[in-house]
Structure formats: C-alpha cells, structure tokens
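Chemist: Numbering (this note's numbering), first residue to last: 1277 to 1552.
For glycine and all other residues, C-beta sits at the position ideal for the given N, C-alpha and C.
No experiment lies behind these values; they were computed from the predicted model shown.
Structure, rendered in structure tokens:
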C-alpha cells in the first residue's frame, strides 16, 4: 500500500526539488559564480540602465550595477529570510498546536479562540503595522514574518495531535505513568513531524512572495546585498522604460514560490502514502 502513493509522486516534484537544491547552491556559491560584486557601480555614464546583452545577460540597473549579480546575491537574502522565518513559525505552531491538542478541555478552547482571533487579522496589514514601528533589518523581517505565520500550522498540528491521542501507543505510555512532556516528545511529536514539514514547505512559497512584497513597499531587510523585492523597488517609477529590472527578480520570486509549492504537494503525497 505504501509503494503506490510513493510511485505517484511525479517528475514535477523531482524537478521542483532539484530547482530548490540548485537555488540554495547558487545562493551559497554567490561569491564564486557572480560575475561582479552586487554593489559595484560599473560605469554610471556608459552602463546606466543598459538592456540585457552578452556582457550583462540581465542588464544593468539605474546605478550601473550588474543585475545578474544582484539577483544571485538577492537569493541569499530572500531565501535566508524565508527559511529562518518559516523555521520560527513552524516551531511556534508545532508547540502551540501540541499543547492545545493534548491538553484539551478549557485550555484547548481558550487557545483556539485566541488563534481564531489572530487568524481574523490580515497578515500583510499586521506585518506593515509591526514593521512600521520596528527598526528595519533582517532580524525584524524574520521575527515579524515568523511570529505571524504559525497560526495555520498550529491548527493543523492540533488536529494531528487530537487524532493521535486515542491510539494504543499513547494509551500505553499513559498507563505506564509517562510524563506529559515525554509522551509529547517521544510518542506524539514523531507522528506530527511529517505534516509539519509539508506545511512548512508550502509556507516558504508564501513567505518568498510576502517578503518580496514587503521589500517592494520599503519594509525589507537592510543588508549590504539586496533582496529580490528591493531590486524591483529600485525601478518602481520606470517599469515601462526599464522592463528588465523588475522582470528578472520577479521571475525569480515566481519560480521559487512555484517550486516550493510543487515540492510541498509532493511531500504531502508521500506523507499520505506512508499513512495509508
């Protein structure tokens, strides 16, 4: 029964996984493979806002910086913010969901009504408010996105924990006098890790797009190297004239979000296959 769903994972999942691995390798090897420094102004007169060419495949921006180099380095900022923010939100969501699902009763009711209230607040609006009053930077972006992204994961994990509680191995651990923390860590947590990984993978796609949007609005991380969203921001008043400046980082955002979505769908099929 397990082999069927596993075999059903198509080539699109493998391609998406390969693309994600390649993207991570490109981000890590940016100093080696990048043709220029992303902050270097090559020639403010001759190379200002040049269209794509053989020497500069992605063209140059309004400050005569090589756009290919900036997109490569931008992968570092965008991926690091997305992955760390999702790691934070997944940790919070798993902990919250496990407590609510295992405790049950009034504790569960209070925690879930609180969660419903948080889910009612539009996340982009909440982030804009938070980042408006917070010092801008990578840390603020990671904490802001991470602390507002665990709500749906918590609800998912709560449902998984409530499904695992009546099972025999949990009842046996309770009968043997195991502590709650041991039951949660040794018996329930391994059974909710799969859905949590799937939810986190899908969340990366959302965070990539969200980070790019916030950076375009001017709330992005202030680092030495731009993120994909801030590259698009550089030409916000001249999109029609300098089409290549928003095009290539925009394609990077779309391709990365699509890859993580497809990869998440494939992982969900694998988890479902193992359970069947």
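In its own chain, which residues sit with a C-beta less than 8 Å from the C-beta of residue 1477, not counting the 5 before and 5 after it?
Modeler: 1536, 1539, 1540 and 1543
Chemist: Could you give the residue range of the alpha helix (DSSP H) that holds residue 1288?
Modeler: 1287 to 1304
Chemist: Where do the N-terminal and C-terminal ends of the alpha helix (DSSP H) with residue 1427 fall, by residue?
Modeler: 1427 to 1440
Chemist: Quick test of your reading: residue 1355 and residue 1303, contact by CB under 8 Å. State the CB separation rounded to the nearest angstrom.
Modeler: 5 Å
Chemist: Which residues in the same chain have their Cβ closer than 8 Å to the Cβ of residue 1309, if we skip the five residues on either side of it in sequence?
Modeler: 1302 and 1348
Chemist: Is the stretch 1362 to 1381 in contact with the stretch 1333 to 1351, if contact means three or more CB pairs nearer than 8 Å?
Modeler: no
Chemist: Look up residue 1457 in the DSSP assignment and give the residues it is bridged to.
Modeler: Residue 1457 is not bridged to any residue.
Chemist: Grab the span of the alpha helix (DSSP H) containing residue 1392 for me, first residue to last.
Modeler: 1381 to 1395
Chemist: Return the residue from the list 1471, 1400, 1291 and 1373 that minimises the CA-CA distance to residue 1389.
Modeler: Residue 1373 holds the alpha-carbon nearest to the alpha-carbon of residue 1389 among 1471, 1400, 1291 and 1373.
Chemist: Determine, using beta-carbon pairs with one atom in the stretch 1385 to 1403 and one in the stretch 1319 to 1331, whether at least three such pairs fall under 8 Å.
Modeler: no
Chemist: Taking all protein chains shown into account, decide if residue 1510 is buried (16 or more other Cβ within 10 angstroms of its Cβ) or exposed.
Modeler: buried
Chemist: Within a Cβ cutoff of 6 Å, which residues of the same chain sit near residue 1566, ignoring the five residues on either side of it in sequence?
Modeler: No answer is possible for residue 1566: the residues shown for the chain start at 1277 and end at 1552.
Chemist: If we count the other Cβ atoms within 10 Å of its Cβ and call it buried at 16 or more, is residue 1408 buried or exposed?
Modeler: Exposed, by the Cβ-count rule.
Chemist: In chain order, what residues of the same chain have a beta carbon less than 6 Å from the beta carbon of residue 1480, not counting five sequence neighbours either side?
Modeler: 1358, 1362 and 1536
Chemist: Could you tell me the distance, in whole angstroms, from the CA atom of residue 1493 to the CA atom of residue 1379?
Modeler: 41 Å
Chemist: Taking only the alpha-carbon atoms, compute the straight-line gap between residue 1277 and residue 1381 and give it to the nearest angstrom.
Modeler: Since pLDDT at residue 1277 reaches only 41, below the 50 mark, its modelled position is unreliable, and no value is offered.
Chemist: Starting from the C-beta of residue 1441, find all residues in its chain whose C-beta is less than 6 Å away, skip the five residues before and the five after it, and write them out in chain order.
Modeler: Short of 6 Å from the beta carbon of residue 1441, and not among the five residues preceding or following it, lies no beta carbon of its own chain.
Chemist: Check whether the stretch 1483 to 1490 touches the stretch 1515 to 1535, counting contact only when three or more Cβ pairs, one atom from each stretch, lie closer than 8 Å.
Modeler: Touching, yes, given that three or more Cβ pairs across the two stretches are closer than 8 Å.
Chemist: Can you look up residue 1315 in the DSSP assignment and give me helix, strand or coil?
Modeler: Residue 1315: coil per DSSP, three-state reduction.
Chemist: Based on Cα-Cα distance, which residue from 1321, 1336, 1422 and 1470 lies nearest to residue 1312?
Modeler: 1336
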